[in-house]
Amino acid sequence: MKVASSIRKAAPRKAHKERSQPAARQRLGLLEKKKDYIERATDFKSKQKRLAALRQKAVMRNKDEFYFQMVNAKTNKGVHVLAGREKAFSKDELALLRTQDQNYIHYQRSVNLKKMERLQSLKHIQPSDDSDLKEIEGSDEDHEDEDNDVDMEEASPETQTTTKKPSHTIFVDSEKEVKNFDPVKHFQTTEDQLKVRHNRTRISPNQTIDTESEEALYKAEMLKRLNRKKLKAERELASREKREEQLRKLQMEKDMQKNLMGKGSKKKVGVDKQGLPVYKWNAERKR
Numbered sequence: 001m002k003v004a005s006s007i008r009k010a011a012p013r014k015a016h017k018e019r020s021q022p023a024a025r026q027r028l029g030l031l032e033k034k035k036d037y038i039e040r041a042t043d044f045k046s047k048q049k050r051l052a053a054l055r056q057k058a059v060m061r062n063k064d065e066f067y068f069q070m071v072n073a074k075t076n077k078g079v080h081v082l083a084g085r086e087k088a089f090s091k092d093e094l095a096l097l098r099t100q101d102q103n104y105i106h107y108q109r110s111v112n113l114k115k116m117e118r119l120q121s122l123k124h125i126q127p128s129d130d131s132d133l134k135e136i137e138g139s140d141e142d143h144e145d146e147d148n149d150v151d152m153e154e155a156s157p158e159t160q161t162t163t164k165k166p167s168h169t170i171f172v173d174s175e176k177e178v179k180n181f182d183p184v185k186h187f188q189t190t191e192d193q194l195k196v197r198h199n200r201t202r203i204s205p206n207q208t209i210d211t212e213s214e215e216a217l218y219k220a221e222m223l224k225r226l227n228r229k230k231l232k233a234e235r236e237l238a239s240r241e242k243r244e245e246q247l248r249k250l251q252m253e254k255d256m257q258k259n260l261m262g263k264g265s266k267k268k269v270g271v272d273k274q275g276l277p278v279y280k281w282n283a284e285r286k287r
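Quick note on numbering: full-length UniProt numbering labels position 144 of the sequence shown as 144, and the sequence is numbered without any gaps.
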């Protein structure tokens, strides 16, 4: 009597259990089945093949073989990787980075131009009277303070505590001496020399002061200081002009790179006077 295959498959069958590890061999772990053996044998054979290929490669290796790419190559976990390869950015990320570069260059140019204007004004200073000399002396102190300015937000706590304006404190015994204190008499110098911090001219108490000679020496010192300041300004102005030219070229190049990343077909038509490439975009009809 024939039985339909569907009925035969639906009939309950005996469950064939895999043989487990005997109790005497429990210390050896699970009993290895055939599928476990196949995986272990396949892995072992693949490793043996790779080792044989490496041995063959070592035997056939040419000691004089060299490629320049070997200089920039290194191994990372057994895999050769080229060193110094740039991270791949998307088009939008590159456009954002170029925009940030443009903003930074524009900021540096504006700072440089302001300093150039200040240096240009220093070149044409010609003192005519005592008030101009005092302005020169005051501008020297202001310039020293400007050079020593520190950004307090970015400075460390040690820098914030140590950047103080120098002062000279004199101690006396009574309030009467404070009211009658005369710095000219105390330092044995003239009123003009009180502002000088280094190598202050001193006179003896019995020495008479020649006002005209002191005034002439003061003017000569101020003129000498002015000439030094003008020479320093000329040197700095020359370096600033060179920096301005470099920043201008760099800004033009960044603008060109940003335009090249935009839409539209273009082609290179030549080079300008600064050595930068010139591109021409095809005219597109506006909708």
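Don't be surprised by glycine CBs; every beta carbon is placed ideally from N, CA and C.
Distance cut-off 7 Å: residue i Cβ against heavy atoms of the ligand MG
i, result
"Q120", "Looking for the ligand MG in the displayed structure turns up nothing, as the structure carries no ligands at all."
Secondary structure of residue i, DSSP reduced to three states
i, result
"T75", "strand"
"P12", "coil"
"P183", "helix"
"L82", "strand"
"F68", "helix"
Buried or exposed by the 16-neighbour rule on C-beta atoms within 10 Å, applied to residue i
i, result
"E154", "Residue placement at E154 is flagged as unreliable, the pLDDT there being 41, under the threshold of 50; a coordinate-derived value is accordingly withheld."
"A24", "exposed"
"Y67", "exposed"
"A283", "exposed"
"Q193", "buried"
"M60", "exposed"
"M70", "exposed"
"Y218", "buried"
"T190", "buried"
"L223", "exposed"
8 Å Cβ cutoff met for residue i and residue j
i, j, result
"W281", "K268", "no"
"V178", "V184", "no"
"L113", "A233", "no"
Span of the alpha helix (DSSP H), counted from its first residue to its last, around residue i
i, result
"V59", "34-59"
"N112", "91-123"
First and last residue of the uninterrupted beta strand (DSSP E) at residue i
i, result
"Y279", "277-281"
"V269", "266-271"
**Prompt:** Hey, is the region 106-115 in contact with the region 258-266, meaning 3+ C-beta pairs nearer than 8 Å?
**Reply:** With a cut-off of 8 Å, the region 258-266 and the region 106-115 do not count as touching, because too few Cβ pairs lie within range.
**Item:** Meets three-Cβ-pair contact criterion under 8 Å: the region 232-242 and the region 68-81
**Value:** Contact annotation: the region 232-242 does not touch the region 68-81, with fewer than three C-beta pairs closer than 8 Å.
**Request:** Count the C-beta pairs between the region 274-282 and the region 244-256 that are closer than 8 Å, then say yes if the count reaches three, no if not.
**Result:** Look at the beta carbons and you see the region 274-282 touching the region 244-256: at least three pairs across the two are nearer than 8 Å.
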